[in-house]
Amino acid sequence: MLNETNALLKSIKTTRPLIVNLTNYVTMDFVANGLLSLGASPVMCHAREEIEDLMKLAAVLVINLGTLGPDFISLCKKACTVANHLNVPIVLDPVGAGASQYRTDINLSLIETFKIAIIRGNASEIMALAKISETTKGVDSSIENTAVINPAKILSKQTNAAIVISGKTDIVIDDHLSIGLDRGSALMPSITGTGCLLTAIIAAFLALEKNRFEAAKLATLFYGICGEIAQKKSSGPGSFKTNFLDALSTFIERGDYERH
Amino acid sequence: MLNETNALLKSIKTTRPLIVNLTNYVTMDFVANGLLSLGASPVMCHAREEIEDLMKLAAVLVINLGTLGPDFISLCKKACTVANHLNVPIVLDPVGAGASQYRTDINLSLIETFKIAIIRGNASEIMALAKISETTKGVDSSIENTAVINPAKILSKQTNAAIVISGKTDIVIDDHLSIGLDRGSALMPSITGTGCLLTAIIAAFLALEKNRFEAAKLATLFYGICGEIAQKKSSGPGSFKTNFLDALSTFIERGDYERH
Amino acid sequence: MLNETNALLKSIKTTRPLIVNLTNYVTMDFVANGLLSLGASPVMCHAREEIEDLMKLAAVLVINLGTLGPDFISLCKKACTVANHLNVPIVLDPVGAGASQYRTDINLSLIETFKIAIIRGNASEIMALAKISETTKGVDSSIENTAVINPAKILSKQTNAAIVISGKTDIVIDDHLSIGLDRGSALMPSITGTGCLLTAIIAAFLALEKNRFEAAKLATLFYGICGEIAQKKSSGPGSFKTNFLDALSTFIERGDYERH
């Protein structure tokens, strides 16, 4: 997978696909910087009035529901409508689904109404979308990823979307396909937005690799390896964030790919 | 105080208390990352609809009035109502009180209506809440901390809240108790959000240490020492921010505690 | 220009001019930290109710249209009205003008209604304001800076504003005056907000240097040199951002000024 990943990274840097993000206020700086590090071209959209113009230029639309509110939801629905109409693929990050009924309901409403290409969340969030109730503590996941594989497969079939479950082992599922990726760093959950940014990075890969399972798998693998590279140079969450953004701008070397 | 601080830090990392933040858009990334560095579990709340669900899980509620507006104020009032009802302690950051009459009025309205556990601000902000008029320049403090001790003691009695006054010497006051802490780094005011994050860190300490004076004192001490540790490794505000987030993830060593 | 730049930097650190920013949510943390690194005093304004109080204290008003919406536009218009009334100079960043008709129209409406001192954008944005149509991809510029010189001169005359065009060569124009500055780092476009922050840094220089062409020229020069200093120490976009904020806090040494 090393060569495929680097070939995709090169294509992203060359074509600079426009990734339109409707995303939360907490992590948008990190998401924008991560996409720029990768070589993609991010735009953060906030106004109904410009959705149609932006979507005509968009390679992929990212919907991240980290900071909700009636205006934002209405914006998301309009963007999804336009994206589906123009066949711009949508990648959804159901931040905090399960943490409040409100968040769960909004997310369910989106996946039932619109055609979504890829959904990426942690185990708690994916379980909530699969309508399997369990207690979530805030926006962190409190359950094992393995317990979510079967519900995620059902969710994938119901929604015709690929599902990425982030955790110690990342799992990528698409209908009957599934793969577990055991990469990454324990420092990743210690900075805010690593989930949000992975969602956006998957979107950037999807801009160049139309097979959504491949795109999700290679992006998740690349992301985990970047985490490992960054951890080696870091003495805490602050320096990890800096080094992680540096790593996202590079290609993967064989040593980093194999060392694990 | 070294052993108490490290014991509290350990408890925070083990129990990962959920700190619900209604906070400003400028510094929320820094606040979220600081709480994660510490080992606490932050959530940034923006929707009325999820306040009740989140508050049931919350250890502490942080209200930070850095970016105001009618919707945000209404959200704060709802959150404070629910928090008081559920006995979730509230920590208030009256950002920019005194800088505009609007900000002063909103803050006064909150402390007169709700039970607040701890208020943390700079001298100008605390003076404004104590209704002692003086000119504030923006969100920075322009007066000496010592002049604010007596007004702060009166404010503490009036509101039955502990008061933390940030500045060159940090002062923690609760009714008849008071302590001055002469720690920290001159680089702290050169990055945005060091005040906001201290407020949130105090909240995380309060989640585990129910004595609010102790919680505020140990959090403020820890924060100042982290500033000193970070400064030693930094060549400017950019690297200071990185190193400060690293320091927040560690325990305090005797050498760092005593060196001063 | 070395001595003039350092003299201005010293004045900024001494007087700490208050820069009031109506700016986008994506980069406001970076803009605030950049202004603090420089020694200026930033405040991010979001409420109609405090515009008059803040503007009385403001040295310069920065309007950045990165994240639009009806409330924000209304806020901008009120702030510009008060600023013009109080003779507080306005620096405008027309983020994404040309990327959507909506953004172009809002920006045109502002420059036609209010007295603006300096407009800073990339070539695409300036071309859009000069009403020369060309295709913009998102918020990045897709045209050469040289093609924009004549339209920018006309725009400068029409609006009686100085124009700064950011790009590989930065160009500063004011009526019949123009200068090209060939400084900076290729890493600058790889972090989000380098344009927004330059706009704010120009505002801080304008607070102390009333000649707007001089202020824009020296700020742009300083900014580019900081990029070069940061690049030498960086291994990617993450560390570049950190080192760039460090560089903004320093004075320019002769070696850094001449090395080019």
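Which chain is which? The protein sequence lines are A, B and C, in order.
Numbered continuously in the working numbering, the first sequence closes out at residue 266.
Numbered continuously in the working numbering, the second sequence closes out at residue 266.
Numbered continuously in the working numbering, the third sequence closes out at residue 266.
For every residue, glycine included, the Cβ atom is placed at its ideal position computed from N, Cα and C.
Just so you know, these numbers come straight off a predicted model, no measurement behind them.
The three-state reading of DSSP puts ILE122(A) in coil, since its state is none of H, G, I, E or B. It is roughly 31 Å from the alpha-carbon of LEU116(B) to the alpha-carbon of VAL68(C). Bounds of the alpha helix (DSSP H) holding SER245(C) are 243-254. Straight-line spacing of the CA atoms in ILE132(B) and VAL37(C) works out to 27 Å. Three or more Cβ pairs closer than 8 Å define a contact, and the region 43-54 of chain A meets that threshold against the region 79-97 of chain A. The CB of PRO243(A) comes closer than 7 Å to the CB of ASN39, LEU42, SER43, LEU251, ASP252 and SER255 in chain B, given here in chain order.
Beta-carbon to beta-carbon, THR87(C) and VAL32(C) are separated by about 26 Å, too far to satisfy the 8 Å threshold. Looking at the DSSP output, ASP180(C) shares a beta bridge with LEU183(C).
For ALA53(B), a Cβ of chain A is located within less than 8 Å of the residue's own Cβ.
Its chain contains LEU251, LEU254 and SER255 as the residues whose beta carbon lies nearer than 6 Å to that of SER43(C), once the 5 sequence neighbours on both sides are disregarded; these appear in chain order.
THR165(A) is outside the set of residues whose beta carbon lies under 8 Å from a beta carbon in chain C.
Taking the Cα positions, ILE125(C) is about 33 Å away from GLY201(B). Closer than 9 Å at the C-beta level to chain B, one finds these residues of the region 88-108 of chain A: GLY102, ALA105, SER106, GLN107 and TYR108.
In this structure, DSSP gives ASP77(A) a helical state, which the three-state scheme calls helix. It is roughly 16 Å from the alpha-carbon of ILE155(C) to the alpha-carbon of ASN166(C). Approximately 13 Å separates the beta-carbon atoms of SER47(B) and LEU214(B); this is outside 8 Å, ruling out the contact.
Not a single CB atom of chain A sits nearer than 8 Å to the CB of VAL66(C).
A buried status is given to LYS247(B), since no fewer than 16 other beta-carbon atoms sit within 10 Å of its beta-carbon. Contact check for ASP59(C) against SER130(B) fails: the beta carbons are separated by 8 Å or more. Where ASN30(A) is concerned, there is no enclosing beta strand (DSSP E), because DSSP gives it neither an H nor an E.
Annotation for MET7(B): LEU224 and LEU227 place their beta carbon closer than 7 Å to its own, counting only its chain and skipping 5 residues before and after. Short of 7 Å from the beta carbon of ILE160(B), and not among the five residues preceding or following it, lie these beta carbons of its own chain, in chain order: ALA136. Rounded to whole angstroms, the separation of the alpha carbons of LEU41(B) and GLY244(A) is 12 Å. Each residue's CA atom was taken as its position, placing GLY190(B) and GLN237(B) some 9 Å apart.
Under a 10 Å Cβ-count criterion, ALA103(C) is classified as buried, with 16 or more other Cβ atoms of the shown protein chains found around its own Cβ. Taking a Cβ-Cβ threshold of 8 Å, the residues of chain C close to LYS247(A) are GLY244, in chain order. VAL154(C) carries a helical assignment under DSSP once its states are collapsed to helix, strand and coil. In this structure, ILE231(A) lies near ASP262(A), with their beta-carbon atoms less than 8 Å apart. DSSP lists VAL26(B) and ILE96(B) as the beta-bridge partner residues of LEU67(B). ASN9(B) carries a helical assignment under DSSP once its states are collapsed to helix, strand and coil.
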